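So the structure is just underneath, and the comments pick up after that.
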Amino acid sequence: MRILRKYLGLLMSFVLSLSLLAGCADEHAVLVGVSDEAHIQIIGYMVRELAARKGIECQMRETGSGIANVQPALENGCLQIGIEFTESAWRNVLQKKESYHAGDLGVLQSDYKKLGLSWYNLPMVKDHYTLAISRRLMLNEDINTLSDLLEVDDQLTIGAPTIFFEDSTGYPYLQSEYGFDFASTSNLPEDGLVQALLDRKVDVIPAHSIDGYVNKAELVILEDDLGVREDMTAGIVITKAALKAHPELAQIAKSIAAALTDSQLAVLASGVASDLFTAQQAALMLLKSKNLIVEKPMTA
63 MRILRKYLGL LMSFVLSLSL LAGCADEHAV LVGVSDEAHI QIIGYMVREL AARKGIECQM
123 RETGSGIANV QPALENGCLQ IGIEFTESAW RNVLQKKESY HAGDLGVLQS DYKKLGLSWY
183 NLPMVKDHYT LAISRRLMLN EDINTLSDLL EVDDQLTIGA PTIFFEDSTG YPYLQSEYGF
243 DFASTSNLPE DGLVQALLDR KVDVIPAHSI DGYVNKAELV ILEDDLGVRE DMTAGIVITK
303 AALKAHPELA QIAKSIAAAL TDSQLAVLAS GVASDLFTAQ QAALMLLKSK NLIVEKPMTA
């Protein structure tokens, strides 16, 4: 089963690479890679909206979730901008065996430079990767923390996208660092996780603290009382070639870094997930609230 999951994951990455290669033909637009996750899309649109006001054309390119679907395209030039997270970058791109800590940021940025990439850290966009269960299960089993979940994990099914079971910061990390050993696993698409949980097809799903769906009343985000994993921060990654062609991109990334917070992003991502507005509308709201975009007054 593990071999099959790995094969399917590689196949999906290959298919994605082919679709991105088809977008490499546009020599003028800056291609921004975004997954279907609302918080990623919002950051991507913030970049695009600010770039447009500096005369830089940016086009969004949809990728699968996870760094494995973004990093290869950045390195081969089929994307010019991506949104990544420190721990995933540290473990999966730089192949570091030890856990990432905030003091490692300088090393991460230096190593990314060697790959022809610049990492612009978003220090106020902190994300904690934990697990979520249904409110029904929480009440029935009195589960509020990861420690509580560890007592019954051998009776439960965890559901997640295929990449979660192969990514070294995903299920393997939960097994090696936390000691989880669920009764079974279920491969699910990102956009089907919550419904599968509510339909009782699975008992547990992974959850980012800035995911759009975490504020849904039916879900319970479990407290990481064990504190093994340090919060990740988001980063806007830009290729050397893109920065050479458009130096203004560096200032755009820095202005977002100085303004955006995880609490703001989580609230707006929830609005996008609930279809209250689009990710582009959320990005515009954030930029206007921070005066990064100033509307010109209408003249008579």
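Residues in the sequence shown are numbered from 63 upward in steps of one, following our numbering.
Each residue gets a CB set at the ideal place from its N, CA and C atoms; glycine is no exception.
Please read all numbers here as calculations on a predicted model, not as lab measurements.
- When secondary structure is reduced to three states using DSSP, F227 falls in the helix class.
- Spatial neighbours of W152 in its own chain (CB-CB distance under 7 Å, excluding positions within 5 residues in sequence) are listed in chain order as K158, Y162, D166, L170.
- Put simply, the backbone Cα of S209 is about 8 Å away from that of D286.
- Collapsing the DSSP output to three states places N249 in a strand.
- Straight-line measurement puts the Cα of V290 at about 22 Å from the Cα of D204.
- Taken in chain order, the complete alpha helix (DSSP H) segments of 4 residues or longer contained in the region 296 to 333 are 302 to 307, 310 to 321.
- In this structure, I267 keeps its C-beta atom at 9 Å or more from the C-beta atom of A328.
- If you draw a straight line from the Cα of A307 to the Cα of A315, it is about 15 Å long.
- Between L255 and I104, the C-beta spacing is not below 9 Å.
- Here the alpha carbons of C120 and V96 stand approximately 12 Å from one another.
- With contacts defined as CB atoms closer than 9 Å, E111 and Q326 fail to qualify as a contacting pair.
- Here the alpha carbon of P134 sits roughly 44 Å from the alpha carbon of N202.
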